[in-house]
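Line by line, the protein sequences give chains A and B. Each residue of the first sequence is one higher than the last, beginning at 30 in the numbering used here. Each residue of the second sequence is one higher than the last, beginning at 30 in the numbering used here. See structure below.
Number of protein chains: 2
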Amino acid sequence: MPVLRPAIARRKPDSRTSAALDEFVERLAVAMETDGLPRIAGRIFALLLLSEQALSLDGIALSIGASKASASVNTRLLEQRGLIERVSHQGDRRDYYRSVSDLFVRTMEQRLARWQRVHAIVDEAIEGLDVSPVIRARMKNFKTEYESVREVLTAALQRCQLRRRR
Amino acid sequence: MPVLRPAIARRKPDSRTSAALDEFVERLAVAMETDGLPRIAGRIFALLLLSEQALSLDGIALSIGASKASASVNTRLLEQRGLIERVSHQGDRRDYYRSVSDLFVRTMEQRLARWQRVHAIVDEAIEGLDVSPVIRARMKNFKTEYESVREVLTAALQRCQLRRRR
DNA sequence: TTGATCGTTCAATATATACTAAACAAACGA
DNA sequence: TCGTTTGTTTAGTATATATTGAACGATCAA
Chain A
30 MPVLRPAIAR
40 RKPDSRTSAA
50 LDEFVERLAV
60 AMETDGLPRI
70 AGRIFALLLL
80 SEQALSLDGI
90 ALSIGASKAS
100 ASVNTRLLEQ
110 RGLIERVSHQ
120 GDRRDYYRSV
130 SDLFVRTMEQ
140 RLARWQRVHA
150 IVDEAIEGLD
160 VSPVIRARMK
170 NFKTEYESVR
180 EVLTAALQRC
190 QLRRRR
Chain B
30 MPVLRPAIAR
40 RKPDSRTSAA
50 LDEFVERLAV
60 AMETDGLPRI
70 AGRIFALLLL
80 SEQALSLDGI
90 ALSIGASKAS
100 ASVNTRLLEQ
110 RGLIERVSHQ
120 GDRRDYYRSV
130 SDLFVRTMEQ
140 RLARWQRVHA
150 IVDEAIEGLD
160 VSPVIRARMK
170 NFKTEYESVR
180 EVLTAALQRC
190 QLRRRR
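Listed below in structure tokens is the structure:
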């Protein structure tokens, strides 16, 4: 069933655009699962991407049709990953959440961080594992190519950050 | 229980190095789940990374202690993603599998492909969704930053490929 | 102090999907 | 034409984890 969701910033709050916004949230939520997010975290991510104002926990739970418990767990997850931030309003003890301003860079940093474990294991194996020279060379290549790409990537992300700040 | 695994290329096939190799396979398999691979696919990925020779389906299943059905499904998955390749030997109707030579580049291409869906949804929303100018600008920024980083990244991967070929 | 609000934790459930065993199909040699 | 080898498909099971309702604790206003 469709719920009232005054949260999303829309031009004219009619039911047609509302349905389209719902669909966007759902599609993005499913797609974000490839980044290792639970579906509800993906919905929150998408909802806040669409929202100009910061939203309260209850507002989020209501808007995406999830329990407050889920909203709590998943906002914390997103905050830890740096994709949303918690803000406060004076004279109000609720927590509010909004998208971070450098959303794309944070997204990429998360992706980089998730690769790290894979490449650390291979790196460690180059040192500690007793394998043939051919295999060792294969692993070293995997390592060096990753490092060169990672450097290029982090440099590009830094340029994004600089461009934003000026 | 430990199984015989004559597959992995090791210097001296003693039990100590064997246990270390097992541990590598397991650790890498779990880590590869962040790239959206089933655990068994991750084990096969790791096993073939350690193997000089191409391995048969039965050899793979035996080495990682999985059923032949799983080996079949997951080798196909890895082959479709371009991380391993199927080879044949004359006078032998079995299929054999080995790591691709440009393993890292293929890994990165897979990662890029998985992001595509997320960014395509946002791109589509910029065109089709009725949102406020502020939100539209936020989305456009997400899009353009992604595109610039993707360009840098694909260029770096092409350099990896060129470096390999000469 | 009391009642109300807000967020978190926890035990139980729901859901998705990875995995297996068994049946099946295809290709080959005798 | 068999029986054998090889790989795939499928139905059922197992496993991991996402999600929820309810209980809980903390904070604030009256």
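Glycine included, every Cβ here is placed at the ideal spot set by N, Cα and C.
The beta-carbon of Ile150 of chain A is placed less than 7 angstroms from the nearest beta-carbon of chain B. Taking CB atoms only, Asp159 of chain B has a neighbour in chain A less than 7 angstroms away. Excluding sequence positions up to five before and after Arg110 of chain A, its CB lies within less than 6 angstroms of the CB of Gln139, all in the same chain and listed in chain order. Residue-level contact check: Glu114 of chain A does not touch chain B, since none of the beta carbons of chain B fall below 7 angstroms from its beta carbon. Glu62 of chain B has its alpha-carbon roughly 13 angstroms from the corresponding atom of Val54 of chain B. In the three-state scheme derived from DSSP, where H, G and I count as helix and E and B as strand, Arg127 of chain A is classed as strand. Not a single CB atom of chain B sits nearer than 7 angstroms to the CB of Ile73 of chain A. By the CB criterion at 7 angstroms, Phe133 of chain A and Glu174 of chain B fall inside the cutoff. Contact between the region 116 to 124 of chain B and the region 147 to 161 of chain A is absent, with fewer than three C-beta pairs closer than 8 angstroms.
The C-beta distance from Met168 of chain B to Ile155 of chain B rounds to 5 angstroms, short enough to meet the 8 angstroms contact threshold.
With at least 16 other beta carbons inside 10 angstroms of its own, Thr104 of chain A counts as buried.
Distance from the CA of Arg194 of chain B to the CA of Lys97 of chain A, rounded to the nearest whole angstrom, comes to 55 angstroms.
When secondary structure is reduced to three states using DSSP, Leu66 of chain A falls in the coil class, being assigned neither helix nor strand. When Cβ-Cβ separations below 7 angstroms define contact, Val163 of chain B makes contact with chain A. Comparing C-alpha distances from Ser101 of chain B to each of B:Leu76, B:Glu153, B:Ala70, B:Ser130 shows the shortest one belongs to B:Ala70.
Counting along the chain, the unbroken beta strand (DSSP E) around Glu114 of chain B starts and ends at 113 to 116. When DSSP reads this structure, Ser85 of chain B sits in a beta bridge with B:Tyr125.
Spanning the alpha carbons of Cys189 of chain B and Ala185 of chain A requires a straight line of approximately 17 angstroms. Close to Thr63 of chain A, with beta-carbon spacing below 8 angstroms, are these residues of chain B in chain order: Gly65, Arg143, Trp144, Arg146, Val147. Its chain contains Leu77, Leu78, Ile113 as the residues whose beta carbon lies nearer than 7 angstroms to that of Ser128 of chain A, once the 5 sequence neighbours on both sides are disregarded; these appear in chain order.
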